[in-house]
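Written below as structure tokens is the structure these notes are about.
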Amino acid sequence: MAKTPTMKDLLEAGAHFGHQSRRWNPKMGQYIFGEKAGVHIIDLEKTEAALAEAADFVKSVTSEGGKIIFLATKKQAHDIVKSEAERVGAMYLVERWLGGLFTNFEAVRKTLEKMPVLEEKSQIGSSYTKKEQLLFSRELAKLKRYVGGVAGLEKLPEILFIVDAKKEDNAVREARKTGVKVVAIVDTNADPTKVDYAIPANDDALKSIGLIAKTIADAVSEGKAIWEKKAKKEAAKREKEEVTNNQ
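Under this note's numbering, think of the first position of the sequence shown as 64, with each following residue one higher.
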């Protein structure tokens, strides 16, 4: 099993604070413990269980070579999510959702393939003028800002991890259409039935976002370590077979 936070950890991170009760989604009823001062309180026992299940799923998929994208376009989550994704070598989007990334992937991939070309064209010493190099550099900077985190994407990922399921509704729809599994933080104003692995928790507080993003990133790290070990073992086996066959 993947390592996950305890109820105490979640409580200290403020993961139990939902939105104002008047803004709730009735489909979140099963995850709500109660109400205090007009704010819904999330049942952290269910959060703990849901996060553990989600982390185990992420670890299982990445242990077989599966890929994951971290998505968090709400401003306060940018740095945390980008940092956690980079820490474990995962892809991410934090500026905005790239419409068509899943449903029109081939067209988007052509855009991603422009990056190394622009990188080369913008280099000093290339056959282009300084003005052309400047234009290439500007276009490259724009692409890096918005899609740099998914620059190495060659096919659809197996998982999309989302910080705010309600805010990222377009991404959720694309994932559902293309079979990409969605692991998401769902606050009391969201619809948990739209995602595959709903983690009921505060999606606004930095500590809550950070704790959950770290847990998912750790699961990715654990899964990748298993996958890399398998890959090395298979490579050694093939090398041994080749030596034997050549004798």
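Note that the Cβ used here is the ideal one computed from N, Cα and C, for glycine as well.
- Between Ala-153 and Val-258 the beta-carbon gap is near 18 Å, outside 8 Å, which marks them as no contact.
- Here Thr-256 is exposed, its C-beta having fewer than 16 other C-beta atoms within 10 Å.
- Rounded to the nearest whole angstrom, the C-alpha separation of Ile-272 and Asn-309 is 55 Å.
- Residues of the same chain with a CB within less than 6 Å of the CB of Phe-96, apart from the 5 flanking positions on each side, are Ile-104, Asp-106 in chain order.
- Beyond the five residues adjoining it in sequence on each side, Ala-170 comes within less than 8 Å, by CB distance, of Gly-163 in the same chain, given in chain order.
- Pairing Ala-280 with Arg-86 gives a Cβ-Cβ distance that is not under 8 Å.
- A straight line joining the alpha-carbon of Val-249 with that of Lys-193 spans about 49 Å.
- In this structure Ala-100 is exposed. Its beta-carbon is surrounded by fewer than 16 other beta-carbon atoms within 10 angstroms.
- Going by C-alpha positions, Lys-138 is about 43 Å away from Ala-298.
- Spatial neighbours of Ala-247 in its own chain (CB-CB distance under 6 Å, excluding positions within 5 residues in sequence) are listed in chain order as Ile-225, Ala-228, Val-258.
- The C-beta of Thr-110 has 16 or more other C-beta atoms within 10 Å across all chains shown, which makes the residue buried.
- With respect to the 8 Å criterion, Ala-78 and Asp-119 are not classified as neighbours on the basis of their beta carbons.
- Lys-130 and Arg-301 have their C-alpha atoms spaced approximately 25 Å apart.
- For Ala-288, the uninterrupted alpha helix (DSSP H) segment begins and ends at 269 to 309.
- Taking C-beta atoms as the reference points, Phe-168 and Leu-134 fail to come closer than 8 Å.
- Per DSSP, Pro-179 is one residue of the alpha helix (DSSP H) stretching across 168 to 184.
- Assignment of Val-246 by DSSP, reduced to helix, strand and coil, places it in the strand class.
- Exclusion of the five residues before and after Trp-290 leaves Thr-125, Ser-126, Glu-127, Gly-128 as the residues of its chain whose Cβ lies within less than 8 Å of its Cβ.
- In terms of Cα proximity to Leu-161, the closest of Ala-234, Glu-304, Leu-269 is Ala-234.
- Met-70 is not a Cβ neighbour of Glu-116, given a cutoff of 8 Å.
- In this structure, Leu-274 and Leu-74 do not form a Cβ contact; the two beta carbons are roughly 11 Å apart against a cut-off of 8 Å.
- Partner residues in the beta bridge of His-103, as assigned by DSSP, are Glu-98.
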